[in-house]
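Just so you know, the sequences run in chain order Y and E. Numbering follows our numbering, in which position 158 of the first sequence is assigned residue number 158; successive positions increment by one, without gaps. Numbering follows our numbering, in which position 41 of the second sequence is assigned residue number 41; successive positions increment by one, without gaps.
2 protein chains.
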Amino acid sequence: MTHLTIKDIAKLSGTSVSTVSRVLNNHPDVSEKARAQVMETVEQYRYVPNNSARNLVIRESDTIAVVVRGIANPFFTRIIKTIERAIYSEGYSMSLHQIGSSDDELMTAAMVEREKRLKGIIFLGGRFNYSPEDVAMLRIPFVCCTYSNTFGALERDRFSSVAIDDKREAYRAVRLLLERGHRRIAALIEAEDGDSISQLRYEGYQEALADAGVPFDPELVEAAGSFEMEDAYSAMARLQERTRFTALFAISDAMAMAAMKLLFDRRLRVPEDCSLIAIDGIELTNYCVPTLTTLEQPADEMALACVKILVSLLRGDGKNRHVFMETRLREGASVRSV
Amino acid sequence: MTHLTIKDIAKLSGTSVSTVSRVLNNHPDVSEKARAQVMETVEQYRYVPNNSARNLVIRESDTIAVVVRGIANPFFTRIIKTIERAIYSEGYSMSLHQIGSSDDELMTAAMVEREKRLKGIIFLGGRFNYSPEDVAMLRIPFVCCTYSNTFGALERDRFSSVAIDDKREAYRAVRLLLERGHRRIAALIEAEDGDSISQLRYEGYQEALADAGVPFDPELVEAAGSFEMEDAYSAMARLQERTRFTALFAISDAMAMAAMKLLFDRRLRVPEDCSLIAIDGIELTNYCVPTLTTLEQPADEMALACVKILVSLLRGDGKNRHVFMETRLREGASVRSV
DNA sequence: AACGTTACTGGTAACGTTTCCAAAATCATC
DNA sequence: GATGATTTTGGAAACGTTACCAGTAACGTT
Numbered sequence: 001m002t003h004l005t006i007k008d009i010a011k012l013s014g015t016s017v018s019t020v021s022r023v024l025n026n027h028p029d030v031s032e033k034a035r036a037q038v039m040e041t042v043e044q045y046r047y048v049p050n051n052s053a054r055n056l057v058i059r060e061s062d063t064i065a066v067v068v069r070g071i072a073n074p075f076f077t078r079i080i081k082t083i084e085r086a087i088y089s090e091g092y093s094m095s096l097h098q099i100g101s102s103d104d105e106l107m108t109a110a111m112v113e114r115e116k117r118l119k120g121i122i123f124l125g126g127r128f129n130y131s132p133e134d135v136a137m138l139r140i141p142f143v144c145c146t147y148s149n150t151f152g153a154l155e156r157d158r159f160s161s162v163a164i165d166d167k168r169e170a171y172r173a174v175r176l177l178l179e180r181g182h183r184r185i186a187a188l189i190e191a192e193d194g195d196s197i198s199q200l201r202y203e204g205y206q207e208a209l210a211d212a213g214v215p216f217d218p219e220l221v222e223a224a225g226s227f228e229m230e231d232a233y234s235a236m237a238r239l240q241e242r243t244r245f246t247a248l249f250a251i252s253d254a255m256a257m258a259a260m261k262l263l264f265d266r267r268l269r270v271p272e273d274c275s276l277i278a279i280d281g282i283e284l285t286n287y288c289v290p291t292l293t294t295l296e297q298p299a300d301e302m303a304l305a306c307v308k309i310l311v312s313l314l315r316g317d318g319k320n321r322h323v324f325m326e327t328r329l330r331e332g333a334s335v336r337s338v
Numbered sequence: 001m002t003h004l005t006i007k008d009i010a011k012l013s014g015t016s017v018s019t020v021s022r023v024l025n026n027h028p029d030v031s032e033k034a035r036a037q038v039m040e041t042v043e044q045y046r047y048v049p050n051n052s053a054r055n056l057v058i059r060e061s062d063t064i065a066v067v068v069r070g071i072a073n074p075f076f077t078r079i080i081k082t083i084e085r086a087i088y089s090e091g092y093s094m095s096l097h098q099i100g101s102s103d104d105e106l107m108t109a110a111m112v113e114r115e116k117r118l119k120g121i122i123f124l125g126g127r128f129n130y131s132p133e134d135v136a137m138l139r140i141p142f143v144c145c146t147y148s149n150t151f152g153a154l155e156r157d158r159f160s161s162v163a164i165d166d167k168r169e170a171y172r173a174v175r176l177l178l179e180r181g182h183r184r185i186a187a188l189i190e191a192e193d194g195d196s197i198s199q200l201r202y203e204g205y206q207e208a209l210a211d212a213g214v215p216f217d218p219e220l221v222e223a224a225g226s227f228e229m230e231d232a233y234s235a236m237a238r239l240q241e242r243t244r245f246t247a248l249f250a251i252s253d254a255m256a257m258a259a260m261k262l263l264f265d266r267r268l269r270v271p272e273d274c275s276l277i278a279i280d281g282i283e284l285t286n287y288c289v290p291t292l293t294t295l296e297q298p299a300d301e302m303a304l305a306c307v308k309i310l311v312s313l314l315r316g317d318g319k320n321r322h323v324f325m326e327t328r329l330r331e332g333a334s335v336r337s338v
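This is the structure:
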């Protein structure tokens with residue numbers, strides 16, 4: 001017999017299937033004696049319940065899905081790592097789903113949900129600009145991490161989110177450049193339009209310039225095809241060929257690092273010829289030359305908040321919430337005063 | 001009714017449960033007419049079978065677990081990404097398990113296996129030096145990725161592996177430095193002893209020196225507490241304070257990048273003052289300054305090989321295999337001739 | 001037209017749990 | 001020690017599939 005069943009345990013501990021089940025699920029209505037009895041046999045034979053059977057009768061699984069757009073992003077890896085820990089320590093299990101830039105996260109999620117009877121979903125890095133009707137496909141709680149849907153059509157009480165205030169933080173980053181005397185400040189953004197992280201950060205950039213009385217020059221803005229470093233590198237190349245600037249705001253650390261490389265390849269020095277600031281705070285920024293000045297998102301806190309919110313939704317206490325985190329300025333050596 | 005069952009589909013398509021099941025599982029013994037009928041209703045109502053019920057009667061799940069030590073490692077992320085794709089396209093699902101450096105991968109795997117009735121396991125980046133008795137806990141096929149167990153106690157036909165020949169590739173890397181005229185070549189390794197990737201690569205280093213008639217100097221070797229950049233940085237600091245060298249062989253790209261940063265912080269130039277070579281070929285090496293010369297592991301190929309082997313084991317055709325991949329030299333600007 | 005093949009179909013018993021319900025045991029009260 | 005209340009127990013019906021088995025329909029063959 002490869003796998004023991006609850007029946008075997010019942011027989012071995014001289015009790016019934018029901019009692020074993022009760023013990024295993026920590027029901028109060030079972031005598032101390034029986035409980036001890038059962039526990040002992042369970043330990044002894046290293047019995048582990050069959051999850052499929054359990055999920056079948058429970059009518060759902062114990063799985064929380066994490067749907068991530070761009071798993072290669074170091075910032076996301078960091079978050080995933082913490083999320084996984086938290087999910088397991090809450091007694092759930094996690095399944096990870098990577099989607100490409102052309103995939104539809106809602107489709108993926110809906111499919112997986114139907115197939116596995118998910119408990120909940122955490123979206124990581126998606127755009128998630130869906131209509132309420134679309135979202136109705138998802139009948140389970142979900143939280144969007146790193147995406148705040150600030151202007152989206154979706155009603156705020158239909159889902160939760162954990163994010164930084166992208167626009168405000170971008171504003172802070174650009175203001176820092178302005179305070180250091182920069183006036184020609186370029187922006188390296190990502191192509192996706194509409195209500196995306198890129199757009200929000202871009203708006204922050206524009207607003208900071210406006211508030212400082214610096215006229216907006218579209219020449220100074222270039223969009224990469226994706227968040228990938230490769231695309232950022234070539235976007236930066238276009239930008240650098242087109243115009244001159246003393247500082248660059250990149251919407252992500254990885255993109256800033258690609259930009260840094262382009263500058264190096266063109267024999268331009270950071271920060272002497274061009275200052276650099278970005279948002280994310282990935283570990284790598286401490287190791288590039290020069291170290292990157294960046295607004296660090298509290299990745300671990302964000303991950304824990306996601307799981308905490310989702311779990312409390314699942315347990316029935318707690319409503320949908322939208323949590324905004326603050327970034328912390330981590331000064332590297334990539335910004336100089338002019 | 002939230003979820004349709006196979007019974008509903010049977011009723012709706014005017015046939016029986018058995019027939020629907022047969023259609024869904026692509027059994028040949030069903031008429032074209034019935035098949036079309038069923039397919040249509042399935043499409044129309046977007047029916048998705050309940051996996052728990054299926055797994056219950058099948059007596060196993062459709063899940064392949066990936067147990068990874070150090071998910072933050074960019075090389076692993078890349079592999080995971082491809083593995084996930086491959087697993088899904090083969091019709092399985094994936095669950096990802098991150099373990100810390102102190103955790104026991106076998107324990108984790110055994111636990112998860114019992115709980116979920118896994119189909120198979122892929123170990124990523126572990127040491128996996130277990131005795132045959134330990135491994136007997138795992139009753140399902142598994143493949144170790146990036147770890148070859150070259151000298152381990154485990155019988156070779158009990159598991160599969162996909163890896164590079166760590167010793168040989170390290171040998172190649174160090175020989176390249178030797179060919180460029182370097183004689184004082186330091187090594188930045190990782191602390192884990194015994195039969196680890198670090199050790200294998202370290203042996204390759206020693207052998208290359210020996211073959212070139214360069215005497216081995218233990219002063220030139222420093223071990224980091226882990227593969228983390230932080231630990232690599234401080235190990236490199238110790239090394240650099242202790243002795244002088246014209247070139248460094250690091251056992252991983254990430255460690256090399258940390259070393260590069262330390263050299264920069266100490267006002268030493270790469271490659272003028274110290275050449276650098278490593279193994280892995282992560283994308284980032286193209287973006288550091290200067291670009292790192294590295295032996296690139298074919299991450300995608302390795303990932304696909306893992307899944308292919310595992311799937312063929314699961315299908316019953318195919319035996320346990322040990323695949324060695326070749327690296328490809330990707331020349332950056334971090335090595336100079338002396 | 002009777003027969004044997006073959007192609008297809010539907011009924012039903014698993015699979016290993018949880019949960020409901022009723023029965024049994026225990027306890028408290030008079 | 002009889003009664004009712006309470007705690008603890010076990011039996012059995014779900015949950016939604018698959019797979020076996022028996023049966024029916026369709027088709028050639030003689």
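All C-beta atoms in this analysis are idealised placements derived from N, C-alpha and C, irrespective of residue type, glycine included. Small disclaimer: the values here were computed from a predicted structure and weren't measured.
Give me the residue from 64(Y), 80(Y), 63(Y) and 14(Y) with the minimum Cα distance to residue 70(Y).
80(Y)
Say whether chain E places a C-beta atom closer than 8 Å to the C-beta of residue 288(Y).
yes
Any beta carbon of chain E sitting closer than 8 Å to that of residue 53(Y)?
yes
Taking only beta-carbon atoms, is residue 102(E) less than 8 Å away from chain Y?
Not an interface residue.
What did DSSP end up calling residue 247(Y) once you bin it into helix, strand or coil?
strand
Can you find a C-beta in chain E that's less than 8 Å from the C-beta of residue 319(Y)?
For residue 319(Y), not one C-beta of chain E is nearer than 8 Å to its own C-beta.
Give the residues from the segment 75–87 of chain E that approach chain Y closer than 8 Å (Cβ to any Cβ), ordered along the chain.
77, 78, 80, 81, 84 and 85
Does DSSP put residue 274(E) in a helix, in a strand, or in coil?
coil
Residues from the segment 248–259 of chain E in contact with chain Y, defined by Cβ distance under 9 Å:
254, 257 and 258
Tell me, please, whether the CB atom of residue 1(Y) is closer than 8 Å to any CB atom in chain E?
Note that residue 1(Y) scores 48 on pLDDT, short of 50, meaning its location in the model is unreliable and no value can be drawn from it.
Proximal residues to residue 201(E) (C-beta, below 6 Å), its chain only, five neighbours per side dropped:
For residue 201(E), the CB contacts under 6 Å within the same chain, skipping 5 residues up- and downstream, are 166, 170 and 251 in chain order.
Taking all protein chains shown into account, do 16 or more other C-beta atoms lie within 10 angstroms of the C-beta of residue 218(Y), making it buried, or fewer, making it exposed?
exposed
Entirely within the segment 56–93 of chain E and at least 3 residues each: give me those beta strand (DSSP E) ranges in chain order.
63–69
Alpha carbon to alpha carbon, how far is residue 306(E) from residue 88(Y)?
C-alpha separation (whole angstroms): 26 Å.
Please report the distance separating the alpha-carbon of residue 56(Y) from that of residue 75(Y).
36 Å
Span of the alpha helix (DSSP H) around residue 306(Y):
299–315
Supposed close pair residue 309(E), residue 321(E) - CB separation, criterion 8 Å:
6 Å
Excluding sequence positions up to five away, which residues of its chain have a Cβ less than 6 Å from the Cβ of residue 257(Y)?
Cβ neighbours of residue 257(Y) beyond the five flanking positions: 288.
Give the single residue among 271(Y), 41(Y), 184(Y) and 159(Y) whose Cα lies nearest to the Cα of residue 312(Y).
159(Y)
Any Cβ of chain E within less than 8 Å of the Cβ of residue 93(Y)?
With a threshold of 8 Å between beta carbons, residue 93(Y) makes contact with chain E.
Rounded to whole angstroms, what's the CA-CA distance from residue 60(E) to residue 23(E)? Just pull it up for me.
21 Å
What does DSSP give as the partner residues of residue 217(Y) in its beta bridges?
Among the bridge pairs identified by DSSP, residue 217(Y) is matched with none.
State the DSSP-derived secondary structure class of residue 7(Y), mapped to helix, strand or coil.
helix
Who are the neighbours of residue 283(E) on chain Y, taking C-beta pairs under 9 Å?
The contacting residues are 72, 228, 229 and 230.
If you reduce the DSSP assignment to three classes, tell me which class residue 190(E) lands in.
strand
Determine the extent of the alpha helix (DSSP H) in which residue 236(E) is found, giving its start and end residues.
Following the DSSP letters along the chain, one finds residue 236(E) inside the alpha helix (DSSP H) bounded by residues 229–242.
Buried versus exposed call for residue 247(E) [16 or more other C-beta atoms within 10 Å across all chains shown]:
buried
Backbone CA spacing between residue 117(Y) and residue 233(Y) [nearest angstrom]:
Going from the Cα of residue 117(Y) to the Cα of residue 233(Y) covers about 41 Å.
If you drop the 5 nearest sequence neighbours on each side, which residues of the same chain put their C-beta closer than 6 Å to that of residue 229(E)?
254 and 258
Euclidean distance between Cα positions of residue 293(Y) and residue 304(Y)
Straight-line Cα distance between these residues: approximately 25 Å.
For residue 211(E), the nearest candidate out of 326(E), 183(E) and 102(E) (CA to CA)
183(E)
Please report the residue range of the alpha helix (DSSP H) in which residue 172(Y) lies.
Membership of residue 172(Y) in the alpha helix (DSSP H) is indicated by the continuous run 166–179.
Since residue 65(E) and residue 27(E) should fall inside the 8 Å C-beta cutoff, what is the C-beta to C-beta distance between them, to a whole number of angstroms?
Not a contact, Cβ separation roughly 29 Å.
Are any of the Cβ atoms in chain Y nearer than 8 Å to that of residue 117(E)?
yes
Within chain E, the residues that residue 264(Y) reaches when beta carbons sit closer than 7 Å
289
Can a CB atom of chain E be found closer than 8 Å to the CB of residue 26(Y)?
no
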